[in-house]
Amino acid sequence: QDTMPVKFSPGAGEVVGLKYYTPEPPKPPKSEKPPPFVAPWDSSAIDVPPECPAHQKVNFDSVNEFVYFSIPEELRTVKSERKFGLNLKHVYGDLPEARRILRLCWWRFNDGDTCKEEVVMYRDAMVAEFQAANTNHPNAGMLHIQQRKRKERELEKKQSSEAIVAEAQAVEDSAAKGAERSAREAHAEAPSAQEGGRGADEAKAGKDAKKPREAKEPKEPKEPKKAKEPKEATGGSGASEAKVKEQDGGTGESKDVEQTGAAPAASIQPQ
């Protein structure tokens with residue numbers, strides 16, 4: 001009854017026949033997950049209840065001496081923020097005390113009605129209470145020294161950054177003053193150059209005015225040109241009259257002289 005015959009279709013190299021197999025036993029039903037820890041927050045609690053998952057959620061990073069727990073994704077205010085923790089030096093190296101404080105912080109963080117800022121204030125208040133109650137702890141002085149050194153480093157960093165900013169501002173102010181001074185000097189030189197040019201022109205004009213002008217000789221009026229006389233036809237002698245213009249030396253006056261050839265022949269007129 002435990003086995004049942006099953007007929008399989010033949011494959012390559014297989015013989016047709018009956019094969020048998022043993023069925024797997026039924027799997028037990030899956031156990032349900034334990035309900036989440038829903039105990040209300042108790043402000044007077046010294047530690048979380050034993051059934052609280054905070055006992056497994058709180059971890060310790062021995063390299064960085066850091067006690068922490070992972071923030072649920074739905075409760076993260078920033079995506080990159082994954083851990084909420086406490087440096088071991090703030091509780092003078094007391095690991096059990098750091099774990100207790102972080103367990104209470106986990107309980108309050110997962111209460112459902114608490115924001116991260118409130119949990120941070122709660123953690124700082126518990127750390128301050130522990131430090132006030134353990135002033136004679138051997139590591140108490142070391143924490144104060146570390147805090148003082150950290151404050152000194154922060155102050156030096158702040159002063160150096162302020163000095164760099166002040167130096168850059170001084171260089172900028174000096175450059176601005178130099179540009180303003182050069183612009184003012186250029187503006188002052190421009191009118192003086194214009195006045196110097198105007199004075200030179202005035203001096204030249206005065207010099208020209210003092211120089212006596214040379215009297216120019218009056219030009220003689222030109223004689224009007226005489227109209228040309230018509231030529232007269234002559235007889236067989238072929239003599240012609242010509243007008244010759246002779247120049248007097250030095251006078252510039254011209255005379256018309258008539259030169260004649262042979263005696264003009266009597267004109268023959270038809271009868």
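Each residue of the sequence shown is one higher than the last, beginning at 1 in full-length UniProt numbering.
Note that beta-carbon positions come from the ideal geometry of N, C-alpha and C, so glycine has one too.
Within the model, the alpha-carbon separation for residue 85 versus residue 139 is close to 20 Å. Boundaries for residue 27: no alpha helix (DSSP H) harbours it, and the DSSP string shows neither H nor E there. By the neighbour-count criterion, in which a residue is buried when 16 or more other Cβ atoms sit within 10 angstroms of its Cβ, residue 110 is buried. DSSP places residue 178 within a helical segment (H, G or I) once states are collapsed to three. Closest in alpha carbon position to residue 54, among 107, 150 and 179, is 107. For residue 124, the enclosing alpha helix (DSSP H) has its first and last residue at 116-133. Each residue's CA atom was taken as its position, placing residue 180 and residue 162 some 27 Å apart. When DSSP reads this structure, residue 42 sits in no beta bridge, so it has no partner. Note on residue 98: 16 or more other CB atoms within 10 angstroms of its CB, so buried under the neighbour-count rule. Rounded to the nearest angstrom, the Cβ distance from residue 134 to residue 92 is 6 Å, consistent with a contact under 8 Å.
The DSSP-derived three-state label of residue 61 is strand.
Nearest in C-alpha terms to residue 49, of all of 71, 115 and 100, is 100.
Taking a 10 Å sphere around the C-beta of residue 164, we find fewer than 16 other C-beta atoms and assign the residue as exposed. A distance below 6 Å between beta-carbons, with the five flanking residues on each side excluded, links residue 88 to the following residues of its chain, in chain order: 65 and 98. DSSP places residue 67 in the strand class (E or B) of the three-state scheme.
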